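The next block holds one structure in the form of structure tokens; read it before the comments.
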Amino acid sequence: MDLILFVWRQKGPDEKGLLEQFAAKDISPEMSFLEMLDTVNEGLIKAAKEPIAFDHDCREGICGMCSQVINGVPHGPQEKTTVCQLHMRNFKDGDSIYIEPWRARAFPVIKDLIVDRSALDRIIQAGGYISVHTGGVPDANAVLISKDNADTAMDASECIGCGACVAACPNGSAMLFTAAKVTHLAMLPQGQIEAARRVCIMTEAMMKEGFGNCSNHYECQAACPKGIRVQFIAKLNREFIKAQIKDSGKRNQ
Amino acid sequence: MLLLFKNTVGRKIVMAVTGLLMFGFIIGHLLGNTTIFTGPDGINAYAEKLRNLGPLIWIMRVIMLVMVSLHVFFGVQITLEDNAAKPGSYAMKRNLRSTFASRSMIWTGLLIAGYLIYHLLQFTFHVINPEISSMKNFDSLGRHDVFSMLVHGFQSVLVSSVYIAAMIAVALHLAHGIQSLFQTLGLNNDSSLPAIEKAGLITAVILFLGYVSIPAAILAGIVK
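Listed in order, the protein sequences are those of chains S and L. Position in the first sequence (from 1) plus 478 gives the number in our numbering. Position in the second sequence (from 1) plus 280 gives the number in our numbering.
Structural data, given as structure tokens:
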């Protein structure tokens with residue numbers, strides 16, 4: 479199949495970018511989206527032109543590196559799928575495809591489709607951990623956790639930190655990402671000790687990085703390749719309210 | 281407490297709580313206003329009762345003023361931050377889940393705030409159209425004639441049109457706002473979220489129809 483690509487080209491962080499048109503010829507429907515870009519890049523290299531810079535790592539849908547907004551949707555048209563797992567059979571011969579980088583102040587473009595997502599790492603560094611000494615592997619079921627809680631923690635921990643939620647959010651907020659981590663840890667006994675402190679520190683860190691506020695558009699949930707739900711944001715809100723009550727209780731003592 | 285006014289979630293909670301109280305007011309205000317359908321005696325007696333509440337009504341007014349001020353202040357502040365967090369737009373962007381109502385909250389909100397000022401100047405402070413003011417006109421029982429004020433006011437197609445336009449803004453604002461406050465206060469779960477979204481939308485439509493029924497009935501000559 480033959481496709482027309484409109485790809486965001488930007489030389490560096492402070493350069494002005496623009497959409498450049500490319501023809502992608504003889505693309506197999508069995509190719510992944512990234513393989514299609516590889517093919518286009520091979521052509522560009524042969525023609526002694528600058529290849530399209532894009533992020534990728536595992537190519538099996540778990541690393542969260544492939545950050546591309548395809549035809550207006552982060553990770554493209556297929557639900558709960560990263561770009562690397564998106565296959566060209568989802569497109570038709572002759573289609574025009576717009577490929578843009580994540581757009582948010584907290585994610586500056588490094589080059590073309592590559593953005594700097596380290597702001598998410600700094601949110602995790604601020605509070606996305608538990609302060610315990612790691613020893614040997616604990617015995618299974620030594621700490622009893624209800625099935626429901628374990629399931630919710632597991633669902634929340636599925637977040638791969640790709641940043642699609644930020645890219646999709648009209649406010650450029652990283653609330654779904656932050657909420658997934660807050661929920662993951664707050665559901666488990668090991669995470670509850672620092673839960674009150676964590677929710678405040680992580681949301682503060684999020685704002686310091688230049689992300690926007692959450693106003694419940696729920697675009698993030700629709701874009702998330704891992705099916706992280708906005709219910710975790712409601713959980714984060716509950717955790718914040720709990721933290722405030724605990725805090726005022728402490729001050730009254 | 282300080283975090284409540286500084287933190288991103290804290291301010292969201294302030295928006296939700298102030299919004300909830302204003303939502304309560306909107307319901308109460310509509311219930312009170314429907315007394316217009318029972319004729320001059322209904323609404324004039326209702327207005328008299330409100331007036332006789334004395335200091336209570338002023339406490340209520342001060343609370344509402346604080347609610348409105350906080351809601352508008354944080355609404356504008358949050359929106360400015362959000363716009364700064366999202367510089368440059370996509371050449372192509374498809375919205376999968378957000379709605380026209382959710383994306384236009386700041387605009388419907390500012391429209392409502394603007395209308396609120398006009399509405400108060402017209403029917404509470406009698407600065408606009410002072411000739412129909414219930415401060416000067418009394419009914420046969422010597423009560424302030426709120427009924428005539430409303431009927432004369434809404435008989436103007438312009439006044440009614442502005443009112444209906446403002447109610448469209450209110451309905452849109454509530455269509456997103458009601459379900460949003462449940463999410464913000466964490467009062468939902470996976471299964472109740474869609475139901476709350478639907479209920480919020482239906483409530484917004486009912487309130488819209490309720491409010492619009494007043495100028496509609498006056499324009500149609502049913503209430504005169």
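Backbone N, C-alpha and C define an ideal beta-carbon position, used for all residues, glycine too. Values in this document were obtained by computation on a predicted structure and should not be read as measured data.
Per DSSP, the continuous alpha helix (DSSP H) segment holding L:E477 begins and ends at 472-499. Following the DSSP letters along the chain, one finds S:I679 inside the alpha helix (DSSP H) bounded by residues 673-686. Taking 9 angstroms as the cut-off, the Cβ atoms of S:A700 and S:A646 count as close. According to the DSSP assignment, S:A501 belongs to the beta strand (DSSP E) that extends over 496-502.
The beta carbons of L:N287 and S:E682 sit about 6 angstroms from each other, so the pair counts as a contact at 8 angstroms. Taking 9 angstroms as the cut-off, the Cβ atoms of S:A628 and S:I706 do not count as close. Beyond the five residues adjoining it in sequence on each side, L:V442 comes within less than 8 angstroms, by CB distance, of Y395, Y398 in the same chain, given in chain order.
Under the three-state reduction of DSSP output, L:H424 falls in the strand class. Cβ-Cβ distances below 8 angstroms link S:T559 to G539, H553, P703 in the same chain, with the five nearest sequence neighbours on each side left out; the list follows chain order.
Membership of S:V518 in the alpha helix (DSSP H) is indicated by the continuous run 511-524. Taking every protein chain shown into account, the CB of S:K589 has 16 or more other CB atoms within 10 angstroms, so this residue is buried.
A straight-line Cα-Cα distance of about 9 angstroms links S:L512 and S:D533.
Taking S:A674 as reference, the option from S:Q563, S:G613, S:P586, S:D725 with the minimal CA-CA separation is S:D725.
The beta carbon of L:K329 sits no closer than 9 angstroms to any beta carbon of chain S. Per DSSP, reduced to three states, the secondary structure at L:I358 is helical.
Per DSSP, the continuous beta strand (DSSP E) segment holding S:W486 begins and ends at 481-487.
Boundaries for S:V610: no alpha helix (DSSP H) harbours it, and the DSSP string shows neither H nor E there.
The C-alpha of L:H456 is placed about 30 angstroms away from the C-alpha of L:L499.
Counting of Cβ neighbours within 10 angstroms places L:M415 among the exposed residues, the total staying below 16. In chain S, no part has a C-beta under 9 angstroms from the C-beta of L:V431; the shortest such distance is about 40 angstroms. Assignment of L:P335 by DSSP, reduced to helix, strand and coil, places it in the helix class.
Separation of the CB atoms of L:A365 and S:G650 is rounded to 4 angstroms, and the pair is thereby assigned contact status at 8 angstroms.
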